[in-house]
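Below is one structure; the comments refer to it alone.
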Amino acid sequence: MIDAAANARLGLRVEEKQRLRRGGFPLIAAAILSTMLAGCVNPVGRSLYQPAPLATTPTWTGRTPRLVEAIAADGVHLQGWFWPPETPGGAVLIYVPRRAGNRDIAAKAAQAFARDGRGVLVASYRGYGDNPGVPDERGLYQGGRAFVDLAERLVPDGKHFLFGDGLGAAVALHVAADTSAGKCLDGVVTLGAFDSFERFVPGLERGLYAAAFDNFAAIRRVTVPVLVMHGRKDEVVPFAAAERLRAAAGGKALVVPIDGEAYHSFDLSHIAPVVWRALDQIAAEGAAAAK
Numbered sequence: 062m063i064d065a066a067a068n069a070r071l072g073l074r075v076e077e078k079q080r081l082r083r084g085g086f087p088l089i090a091a092a093i094l095s096t097m098l099a100g101c102v103n104p105v106g107r108s109l110y111q112p113a114p115l116a117t118t119p120t121w122t123g124r125t126p127r128l129v130e131a132i133a134a135d136g137v138h139l140q141g142w143f144w145p146p147e148t149p150g151g152a153v154l155i156y157v158p159r160r161a162g163n164r165d166i167a168a169k170a171a172q173a174f175a176r177d178g179r180g181v182l183v184a185s186y187r188g189y190g191d192n193p194g195v196p197d198e199r200g201l202y203q204g205g206r207a208f209v210d211l212a213e214r215l216v217p218d219g220k221h222f223l224f225g226d227g228l229g230a231a232v233a234l235h236v237a238a239d240t241s242a243g244k245c246l247d248g249v250v251t252l253g254a255f256d257s258f259e260r261f262v263p264g265l266e267r268g269l270y271a272a273a274f275d276n277f278a279a280i281r282r283v284t285v286p287v288l289v290m291h292g293r294k295d296e297v298v299p300f301a302a303a304e305r306l307r308a309a310a311g312g313k314a315l316v317v318p319i320d321g322e323a324y325h326s327f328d329l330s331h332i333a334p335v336v337w338r339a340l341d342q343i344a345a346e347g348a349a350a351a352k
C-alpha cells in the first residue's frame, strides 16, 4: 500500500511546462447534450468518442511491439500492441487510452513506458481504427476487462497494472472495481481523471447522466493501490477532482500533483519514470506482504 509519505520518499512529483490545451470535457458534455436533445437515445452519445482511422504503419523509437488481439465478453475482437517485458515474469502496464485516436496513436504515446525493457500492453476501443463495433460505456468496460485477461495470459507470472489516460481512467477504475478483473491487478494509475462525468453537464440535465462514467463510485470498490496523477492547473478537469477521488478511495489512493500548466493529455515520457518507480514500490510491498 502506498503511504502518505510516498511522494517525498519516491520524489513522486512531476514538473511539466507544456501549455494547457483548451476545451475538453465541459465542451464534450455540451455536444453530447445537444446530440441527445436532437434525438439520440444513449445519454452518453457518440460525440464523446473520437475514433480515428488507421494510417500508415507506425514507426517506433525503441523496441518494436507486436500486434495482439483481445476478445471482449460479447465477442468483439480488439487489436492492441504489446511490448513484452525483457525480464522474465516482469511487470506489465496495461495502457487504456484517451477518447480520441486509435491503437497506433495510443501506442505511440505509451511507448515511453516500454523503455528499459519494460512490459506494456496497449488497449484499444471498439469502433476505433479497424476494430468492429460502436463505442459505448459498457463496451469500453468489456474491452478493458478483455485486455486485462490478455495481459494475464501473456505474462502469467508478472505483476499487472492498469494506466488510464483521460477517459481511459474511467475504464481503468471500473475494470479494477470489477471483482473478476480486479483480482488479476496489482495497482491502478490514472491521469487527468474526472470524478463524475455528470459534474460537467449543465445543471437541469445533470440527472440524465447520474450513472455515466461514475469514477467516484468506482474507486470506492477498488481494492488495490491507486495513483491519481493530475495537473494542479488543469482547467479541463480541475485538480479538486483528484482530491475527491482520493477521499473516496478510503486510504487506497495517493494523489501525485503535476506542476505547471499541465493537461491530462501530454507527452507521457515526462511521467513514465515516476510511474514505474511507484509501481515498482507497489510490487515490492505486495511481494513482502505475501511472505
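Take the sequence shown: its letters are residues 62 to 352, numbered as in the numbering used here. Backbone N, C-alpha and C define an ideal beta-carbon position, used for all residues, glycine too. Note that the structure is a prediction, hence the values are computed from the model and not measured.
Contacts around residue i, its chain only, beta-carbon distance under 7 Å, and the 5 residues preceding and following it disregarded
i, result
"L201", "Y186, V232"
"Q172", "W121, T122, G123"
"G347", "D247"
"G229", "V157, P158, R159"
"F208", "A131, G141, I155, L182, A184"
Which listed residue (the options) has its alpha carbon closest to that of residue i
i, options, result
"G178", "G229, G141, R199, T122", "T122"
"V195", "G347, N276, Q342, H138", "H138"
"L315", "T251, L182, H331", "T251"
"G204", "A113, G253, Q140", "Q140"
"I166", "R214, R176, A113, D135", "A113"
"G136", "P146, I155, R206", "R206"
"R260", "H221, A302, W144", "A302"
"L246", "H221, G180, A133, G225", "H221"
"I343", "T125, V249, H331", "V249"
"F174", "A350, A349, V335, V317", "V335"
"A133", "L228, E346, R199, G180", "R199"
"A272", "R282, A348, T284, S257", "S257"
"E296", "G312, R282, I319", "I319"
"L288", "D341, P146, T125", "D341"
Local conformation of residue i per DSSP, three classes
i, result
"D320", "strand"
"F208", "helix"
"R127", "strand"
"A161", "strand"
"L329", "helix"
"R82", "A caution first: R82 carries a pLDDT of 35, below 50, which makes its placement in the model unreliable, though a value can still be read off. Correct three-state label for R82: coil."
"G194", "coil"
"G248", "strand"
"Y202", "helix"
Cβ neighbours of residue i in the same chain (closer than 6 Å, five flanking residues each side left out)
i, result
"A161", "Q111"
"I280", "L234, L306, A309, A310"
"G219", "G150, G151, A152, V153"
"Y189", "P112, N163"
"F277", "D256, S257, A309"
"A349", "none"
Opening and closing residue of the beta strand (DSSP E) in which residue i lies
i, result
"F143", "138-144"
Residue i - containing alpha helix (DSSP H), residue span
i, result
"L223", "Note, L223: premise wrong, no alpha helix (DSSP H); beta strand (DSSP E) at 221-226."
"L340", "333-351"
"G180", "Segment 180-183 is the beta strand (DSSP E) holding G180; no alpha helix (DSSP H) there."
"A152", "No alpha helix (DSSP H) holds A152; DSSP gives it neither H nor E."
"G243", "240-243"
Cβ-based neighbour list, residue i, same chain, cut-off 8 Å, excluding 5 preceding and 5 following
i, result
"D210", "A131, A242, C245"
"V129", "Q140, G141, W142, F143, L182, L211, L215"
Alpha helix (DSSP H) segments (min. 4 residues) lying fully within the stretch 276-316: 276-282, 301-310
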